[in-house]
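Working notes, beginning with the structure itself.
2 protein chains.
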Amino acid sequence: MAQRKRATIREVAQATGLSPAAVSYALRGMQVSEETIQRVRRAAAELGYEADPIARALASGRTGMIGLLCGSLEDLWQQSLAVGIGRALRDKDRYALILDAAGDPARERTLALQLRDQRVDGLIVQPVDPAARFWADLADSLPVVAIGDALLHGHTAAEVVFDNRRGVTMALEYLRDKGHRRVAVLTPTRPSTPDRPADVHVIAEAERLGLDIDVRSAGQSLADSAGVAAGLLTRADRPTAVFCFSDSIAYGVYKAVAELGLSVPDDVAVMGYDDHPMSELLGLTTVNWDLDGIVRAAVRLVVAASEGKTHRRRIVQEPGLRERVSVRPGVI
Amino acid sequence: MAQRKRATIREVAQATGLSPAAVSYALRGMQVSEETIQRVRRAAAELGYEADPIARALASGRTGMIGLLCGSLEDLWQQSLAVGIGRALRDKDRYALILDAAGDPARERTLALQLRDQRVDGLIVQPVDPAARFWADLADSLPVVAIGDALLHGHTAAEVVFDNRRGVTMALEYLRDKGHRRVAVLTPTRPSTPDRPADVHVIAEAERLGLDIDVRSAGQSLADSAGVAAGLLTRADRPTAVFCFSDSIAYGVYKAVAELGLSVPDDVAVMGYDDHPMSELLGLTTVNWDLDGIVRAAVRLVVAASEGKTHRRRIVQEPGLRERVSVRPGVI
DNA sequence: TCGCTTCACTGATACGTTTCAGTGAACCGC
DNA sequence: GCGGTTCACTGAAACGTATCAGTGAAGCGA
Chain A
9 MAQRKRATIR
19 EVAQATGLSP
29 AAVSYALRGM
39 QVSEETIQRV
49 RRAAAELGYE
59 ADPIARALAS
69 GRTGMIGLLC
79 GSLEDLWQQS
89 LAVGIGRALR
99 DKDRYALILD
109 AAGDPARERT
119 LALQLRDQRV
129 DGLIVQPVDP
139 AARFWADLAD
149 SLPVVAIGDA
159 LLHGHTAAEV
169 VFDNRRGVTM
179 ALEYLRDKGH
189 RRVAVLTPTR
199 PSTPDRPADV
209 HVIAEAERLG
219 LDIDVRSAGQ
229 SLADSAGVAA
239 GLLTRADRPT
249 AVFCFSDSIA
259 YGVYKAVAEL
269 GLSVPDDVAV
279 MGYDDHPMSE
289 LLGLTTVNWD
299 LDGIVRAAVR
309 LVVAASEGKT
319 HRRRIVQEPG
329 LRERVSVRPG
339 VI
Chain B
9 MAQRKRATIR
19 EVAQATGLSP
29 AAVSYALRGM
39 QVSEETIQRV
49 RRAAAELGYE
59 ADPIARALAS
69 GRTGMIGLLC
79 GSLEDLWQQS
89 LAVGIGRALR
99 DKDRYALILD
109 AAGDPARERT
119 LALQLRDQRV
129 DGLIVQPVDP
139 AARFWADLAD
149 SLPVVAIGDA
159 LLHGHTAAEV
169 VFDNRRGVTM
179 ALEYLRDKGH
189 RRVAVLTPTR
199 PSTPDRPADV
209 HVIAEAERLG
219 LDIDVRSAGQ
229 SLADSAGVAA
239 GLLTRADRPT
249 AVFCFSDSIA
259 YGVYKAVAEL
269 GLSVPDDVAV
279 MGYDDHPMSE
289 LLGLTTVNWD
299 LDGIVRAAVR
309 LVVAASEGKT
319 HRRRIVQEPG
329 LRERVSVRPG
339 VI
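Just so you know, the sequences run in chain order A and B.
Position in the first sequence counted from 1, then plus 8, gives you my numbering.
Position in the second sequence counted from 1, then plus 8, gives you my numbering.
Below is the structure:
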């Protein structure tokens with residue numbers, strides 16, 4: 009470990025005969041003559057000087073980083089979302105600090121506060137518990153952009169909200185139109201998690217449509233949901249269709265179906281939610297969200313807010329239906 | 009934005025009648041009496057004090073964070089790897105700062121240096137260019153653990169190396185045994201990327217096995233590899249098998265095959281590399297790596313190295329073959 | 001009782017920047 | 001030629017912690 013010490017701003021100041029303050033200003037193009045800027049730039053390049061991000065963060069309170077707090081990175085679609093946001097931020101010369109709440113509201117709280125302490129300039133969050141009180145405190149001290157569900161407390165900078173009621177309605181109506189009555193619903197919700205508005209809506213809509221539904225928590229991993237699905241499919245009164253609240257859960261159902269020697273859609277219909285790229289290959293009929301549009305909107309809003317241009321916008325995403333082959337027409 | 013100011017160590021010192029230094033020591037359980045520790049803890053809790061991570065990083069040079077520099081997060085298996093490492097680190101009360109080189113050696117270099125400047129305590133890297141010179145400088149100033157290929161320059165703390173030669177041999181021998189002679193090979197390598205040792209080995213092995221191969225760069229995204237595959241499959245002398253250097257690429261081939269109205273394995277055999285969870289559902293025959301073992305090893309090694317317990321270990325991962333249904337036996 | 005060690009703690013400085021409140025010079029209109 | 005601005009820059013004080021080099025007191029053996 010024989011690394012030579014990094015050059016500091018003081019050394020650049022010495023080399024140019026300026027004060028450290030002048031160098032600091034010059035490198036950020038503020039309040040100094042054009043000629044000085046050039047001189048400082050040259051000296052900095054010569055010494056291999058680059059401002060220390062940690063010292064800068066301590067002094068200025070800003071880091072250039074955006075926090076991304078994901079609901080559950082076990083979910084493949086959320087992985088895509090995280091990767092997309094990371095890339096979009098990089099294109100704007102910002103960096104993402106990605107954390108995973110793993111579906112746990114308590115962890116979500118801890119990590120959110122930790123991100124604030126890390127001086128992220130803004131926070132994009134896909135809330136596990138949109139009704140938690142601490143969001144209010146958080147949104148007071150930094151710009152928060154919520155994706156998916158809007159935060160109930162706190163003055164968020166912006167929201168990219170999914171019209172989940174519409175999505176649920178689309179999915180359930182589609183299944184009903186295909187002749188399904190006995191429908192299992194698999195959600196990613198954990199027992200400890202507060203009820204999501206979408207979950208509540210499922211029950212109301214099922215009632216309205218005359219569906220006989222059975223809502224279950226499918227866990228976070230592929231193995232979890234496969235296990236739950238296996239239990240469901242080996243029962244005597246097996247549902248004719250399964251509506252999965254994420255494509256990842258649907259993949260677990262496919263796994264269980266294959267292991268039981270059954271077939272989709274001949275023995276059971278499967279309906280997804282999200283439209284992950286793999287769903288096209290599997291022929292999964294699913295509710296589609298515009299991933300790219302969501303990424304762009306969230307990044308644009310959080311970057312704008314972190315620069316003080318606070319527009320306070322609410323963008324609503326509308327779902328589409330991707331009809332493939334996992335739901336057979338004409339059952340019963 | 010009416011947040012009240014955070015408590016500082018000085019206020020805790022004032023409240024307990026101690027010096028800031030004593031409080032700093034007490035909270036880390038060093039050099040102070042048990043009674044004082046309790047008193048300080050109580051006062052800190054009362055004031056809601058928590059040490060500022062940025063100030064701590066500046067003063068101590070450490071952050072508790074581990075950098076994770078991925079080769080290309082477009083790849084689904086690498087996404088799984090990143091998520092797994094993030095979770096494993098969290099279980100050790102460390103946090104991952106995840107960055108994506110997106111297959112670009114220049115970006116890899118920039119990001120690696122940036123992570124060092126962020127004072128990460130260690131770096132896990134899946135190198136795009138293992139032969140780059142800058143790794144030497146980097147490994148001099150912080151513990152680096154390489155995954156996949158070993159770094160050629162620099163004294164890394166540890167390596168979790170894949171036996172890619174063996175993996176390639178397994179895949180190509182399998183295809184030959186199934187009767188394939190005309191084989192396309194799709195690699196994730198970019199034009200600007202230096203040749204990976206594995207790519208070189210492919211050519212040597214193909215020669216040895218008497219295979220007629222056609223090596224092509226398949227890009228990073230699903231759409232990219234689907235495009236390349238489509239070009240390949242519409243030629244007159246279409247290959248009878250495609251060996252993909254990642255499962256993600258294989259998924260792109262499946263997409264192209266479906267769009268052309270062809271079928272796997274009837275019209276073309278497909279062989280993957282990695283064994284992503286989705287490959288089981290698709291029936292993709294592939295070379296398997298022990299993801300969980302890799303994650304655990306890398307995390308254990310980097311955490312140990314960041315704590316100064318430098319063992320300098322080299323762990324070699326051996327591949328397995330997951331035989332499924334994407335390669336039909338008895339061709340020609 | 002004396003010198004020595006250990007213990008619990010203090011004061012000061014370092015970490016490397018940003019930023020606030022000037023400061024002197026040049027420039028302006030009148 | 002004079003008050004007022006603007007310009008380009010400086011000095012010093014943050015930012016909040018860790019850590020080094022003490023320091024006085026207590027404890028100890030002989």
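Heads up, the beta-carbon is just placed ideally off N, CA and C, and yes, glycines get one too.
Count the other CB atoms, across all protein chains shown, that sit within 10 Å of the CB of residue i; report buried if there are 16 or more and exposed otherwise.
{"i": "B:D220", "result": "exposed"}
{"i": "A:G25", "result": "exposed"}
{"i": "A:R204", "result": "buried"}
{"i": "A:P285", "result": "buried"}
{"i": "B:S88", "result": "buried"}
{"i": "A:S41", "result": "exposed"}
{"i": "B:P247", "result": "buried"}
{"i": "B:G37", "result": "exposed"}
{"i": "A:G130", "result": "buried"}
{"i": "B:K263", "result": "buried"}
{"i": "A:E82", "result": "buried"}
{"i": "A:P337", "result": "exposed"}
{"i": "B:A212", "result": "exposed"}
Distance check for residue j and residue i, CA to CA, integer angstroms please.
{"i": "A:A65", "j": "A:E331", "result": "49 Å"}
{"i": "A:R49", "j": "B:A114", "result": "22 Å"}
{"i": "B:Y182", "j": "A:V223", "result": "45 Å"}
{"i": "A:V169", "j": "B:T201", "result": "40 Å"}
{"i": "B:S32", "j": "B:T16", "result": "11 Å"}
{"i": "A:L240", "j": "A:D171", "result": "28 Å"}
{"i": "B:H161", "j": "A:V236", "result": "49 Å"}
{"i": "B:P199", "j": "A:V208", "result": "51 Å"}
{"i": "A:H163", "j": "A:S80", "result": "24 Å"}
{"i": "A:A158", "j": "B:V335", "result": "48 Å"}
{"i": "B:A2", "j": "B:A59", "result": "Any answer about residue 2 of chain B is impossible in this case: the structure gives chain B only from 9 up to 340."}
{"i": "A:V128", "j": "A:D185", "result": "48 Å"}
{"i": "B:E43", "j": "B:I62", "result": "29 Å"}
{"i": "B:L35", "j": "B:V210", "result": "56 Å"}
{"i": "B:A231", "j": "B:G260", "result": "6 Å"}
{"i": "B:V133", "j": "A:C78", "result": "23 Å"}
For the beta strand (DSSP E) containing residue i, name the first residue and the last one.
{"i": "B:L150", "result": "Premise fails: B:L150 is in no beta strand (DSSP E) and is neither H nor E."}
{"i": "A:Q325", "result": "321-325"}
{"i": "A:E167", "result": "166-170"}
{"i": "A:A249", "result": "249-252"}
{"i": "A:A104", "result": "103-108"}
{"i": "B:Y281", "result": "277-282"}
{"i": "A:R95", "result": "No beta strand (DSSP E) contains A:R95, which is instead part of the alpha helix (DSSP H) from 84-99."}
{"i": "B:S225", "result": "220-225"}
{"i": "A:V295", "result": "293-296"}
Please list the terminal residues of the continuous alpha helix (DSSP H) segment that includes residue i.
{"i": "B:T195", "result": "Run containing B:T195: none in the alpha helix (DSSP H); it sits in the beta strand (DSSP E), 190-195."}
{"i": "B:L353", "result": "Residue 353 of chain B falls outside the range modelled here, since chain B spans only 9 to 340, and no answer is possible."}
{"i": "A:A316", "result": "According to the sequence provided, residue 316 of chain A is Gly. The question's Ala does not apply to it. Run containing A:G316: none; DSSP gives neither H nor E here."}
{"i": "A:M286", "result": "285-290"}
{"i": "B:T24", "result": "17-24"}
{"i": "A:R50", "result": "42-55"}
Less than 6 Å separating the Cβ of residue i from some heavy atom of the ligand SAH?
{"i": "B:T164", "result": "As presented, the structure is devoid of all ligands, the ligand SAH included, so that no description of it is given."}
Quiz item: Three or more beta-carbon pairs under 8 Å between the segment 94-104 of chain B and the segment 303-321 of chain B, yes or no?
Solution: yes
Self-check item: Residues in the segment 94-112 of chain A having any Cβ partner in chain B nearer than 9 Å
Solution: G94, R95, R98, Y103, A104, L105, I106, L107, D108, A110
Quiz item: In chain order, what residues of the segment 284-302 of chain A put their CB closer than 8 Å to some CB of chain B?
Solution: P285, M286, E288, L289, L290
Practice problem: Quick one: which residues of the segment 131-149 of chain B get their C-beta closer than 8 Å to a C-beta of chain A? List them in chain order. | Solution: D145, D148, S149
Quiz item: Of all the residues that make up the segment 254-283 of chain A, which are near chain B by a beta-carbon distance shorter than 8 Å?
Solution: Y259, Y262, K263, A266
Exercise. Would you check if the segment 42-57 of chain A and the segment 266-273 of chain A touch, i.e. whether three or more CB-CB distances between them fall below 8 Å?
Key: no
Quiz item: Per the contact definition of three or more C-beta pairs closer than 8 Å, is the segment 66-73 of chain A in contact with the segment 275-284 of chain A?
Solution: no
Practice problem: May I ask you to verify whether the segment 321-337 of chain B touches the segment 295-302 of chain B, counting CB pairs closer than 8 Å and requiring at least 3? | Solution: yes
Self-check item: Interface residues of the segment 47-62 of chain A facing chain B [CB-CB below 8 Å]
Solution: From the segment 47-62 of chain A, only E58, D60, P61, I62 have a Cβ closer than 8 Å to chain B.
Exercise. Report yes or no: do the segment 246-260 of chain A and the segment 120-139 of chain A share at least 3 C-beta pairs separated by less than 8 Å?
Key: At 8 Å Cβ cutoff, the stretches do not touch.
Self-check item: At least 3 beta-carbon pairs within less than 8 Å: the segment 145-153 of chain B vs the segment 113-129 of chain B
Solution: Note that the segment 145-153 of chain B touches the segment 113-129 of chain B; at least 3 beta-carbon pairs, one per stretch, sit closer than 8 Å.
Quiz item: Can we say the segment 317-328 of chain B touches the segment 184-198 of chain B, given the rule of at least three CB pairs closer than 8 Å?
Solution: no
Self-check item: Short-range partners of chain A found in the segment 306-339 of chain B, where Cβ spacing is below 7 Å
Solution: none
Self-check item: Interfacial residues, the segment 64-80 of chain B to chain A, with Cβ spacing under 7 Å
Solution: A65, L66
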